[in-house]
Structures are given as C-alpha cells and as structure tokens.
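K.L.:
So for the sequence shown, this note's numbering puts the first residue at 1; every next one is plus one. Could you have a look at this structure, given as structure tokens, before my questions?
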Amino acid sequence: MAEIESLVKKITEKHEALANPVRIHILSIVAALGESSWGEVKTILESVYGKTNPNTLAFHIRKLMNCGLILKSGTPESPTYTANIPEELRRELEEIVRFYKEFKRDKL
1 MAEIESLVKK
11 ITEKHEALAN
21 PVRIHILSIV
31 AALGESSWGE
41 VKTILESVYG
51 KTNPNTLAFH
61 IRKLMNCGLI
71 LKSGTPESPT
81 YTANIPEELR
91 RELEEIVRFY
101 KEFKRDKL
C-alpha cells in the first residue's frame with residue numbers, strides 16, 4: 001500500500017486537477033471498472049479506506065467530471081461513469097488501476 005500512496009503523491013503533485021489524492025483513487029477505481037455506478041465506486045473506496053461521506057464523494061466525482069476526466073452517462077436516477085484519461089496520465093495511473101482491478105477481483 002505504501003507504493004500506491006507514493007505513486008498517488010507523485011501524480012497529485014504533477015496534475016493540479018488531481019490535487020486531492022481521493023480524486024486519483026476515484027479516477028483509478030472508475031478506470032479499473034470500465035463503467036461504474038456511484039454505488040460501486042463508493043463500495044470499493046469504503047472497502048479500502050473506510051466510511052466515505054456521500055456528499056464528499058459526489059463533490060469529488062463532480063470535480064473530475066468538470067475537468068473531463070470522468071464522463072457521465074445513463075439517467076439522472078441511475079448514472080454511470082467512465083474514465084476519460086489522457087494517454088500520459090493513463091500510463092502514470094497504470095499501477096494504481098491494476099491495484100483496484102485486483103482488489104475488486106479478490107475482495108468483493
């Protein structure tokens with residue numbers, strides 16, 4: 001986990017839109033799932049870090065949507081999210097995305 005936190009810190013410093021480490025985790029979770037619901041993101045985030053305030057999660061997802069890193073589709077009642085990550089950032093997030101893919105496979 002220390003390796004992941006070190007990578008998160010490095011990426012956070014480089015990308016101002018991802019200045020909050022929670023947003024890097026959220027973006028990585030969405031990328032790992034391919035297409036995800038708000039509930040799926042919340043479940044994985046809480047499984048890794050503990051209780052997550054729904055308003056805080058919504059705030060961070062909105063920030064990621066506003067900068068174009070997460071795209072929203074579906075209906076207002078049942079939105080789905082997909083990652084829209086530029087190639088350079090995708091390479092940087094690769095190990096973190098792999099962590100969440102394995103986490104979902106092994107823990108959920």
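Just so it is clear, CB atoms sit at the ideal spot from N, CA and C, and this is done for glycine as well.
Measuring straight from C-alpha to C-alpha, what distance separates Leu64 and Lys9?
P.N.:
What you label residue 64 is simply residue 64 of the sequence shown in a count that begins at 1. What you label residue 9 is simply residue 9 of the sequence shown in a count that begins at 1. Roughly 17 Å separates the two Cα atoms.
K.L.:
Just list the alpha helix (DSSP H) runs in the stretch 9-54, keeping only unbroken ones of 4 residues or longer that don't cross its boundaries, in chain order.
P.N.:
As far as the stretch 9-54 is concerned, its whole alpha helix (DSSP H) runs of at least 4 residues are 21-33, 38-49.
K.L.:
Can you check which of these residues, Ile61, Glu102, Ala31, is closest to Val22 by C-alpha distance?
P.N.:
Reading the sequence shown from its first residue, position 22 is the one you call residue 22. If we check each option's Cα against that of Val22, Ile61 comes out closest.
K.L.:
Which of the three DSSP states, helix, strand or coil, is assigned to Leu93?
P.N.:
For this step, residue 93 is matched to residue 93 along the sequence shown. If DSSP states are grouped into helix, strand and coil, Leu93 belongs with the helices.
K.L.:
So which of Lys104, Ile24, Leu93 has the shortest CA-CA distance to Leu57?
P.N.:
The residue you call residue 57 lines up with position 57 of the sequence shown. Minimum Cα distance to Leu57 is reached at Ile24.
K.L.:
Which residues does DSSP list as the beta-bridge partners of Thr80?
P.N.:
Residue 80 sits at position 80 when you count from the first residue of the sequence shown. In DSSP, Thr80 forms a bridge with Ser37, Ser73.
K.L.:
Does DSSP put Ile85 in a helix, in a strand, or in coil?
P.N.:
Here residue 85 is taken as the residue at index 85 of the sequence shown, counted from 1. Of the three classes helix, strand and coil, the one that applies to Ile85 here is coil, per DSSP.
K.L.:
Could you say if the stretch 78-94 and the stretch 45-54 meet the contact criterion of at least three C-beta pairs nearer than 8 Å?
P.N.:
No, the stretch 78-94 is not in contact with the stretch 45-54.
K.L.:
Could you round the C-beta distance between Ile70 and Asn84 to whole angstroms and report it? I think they count as a contact, below 8 Å.
P.N.:
Taking the first residue of the sequence shown as position 1, residue 70 is located at position 70. Taking the first residue of the sequence shown as position 1, residue 84 is located at position 84. 7 Å between Cβ atoms; contact.
K.L.:
Leaving out the 5 sequence neighbours to the left and right, which residues in its chain are closer than 6 Å to Leu45 when beta-carbon positions are compared?
P.N.:
Here the question's residue 45 lines up with position 45 in the sequence shown. Contacts found: Thr52.
K.L.:
So, at 7 Å on beta carbons, what are the nonlocal neighbours of His15 in its own chain, with the 5 sequence-adjacent residues on each side left out?
P.N.:
In the sequence shown, counting from the first residue as 1, residue 15 sits at position 15. Closer than 7 Å at the Cβ level, and outside the excluded window around His15, lie Leu89.
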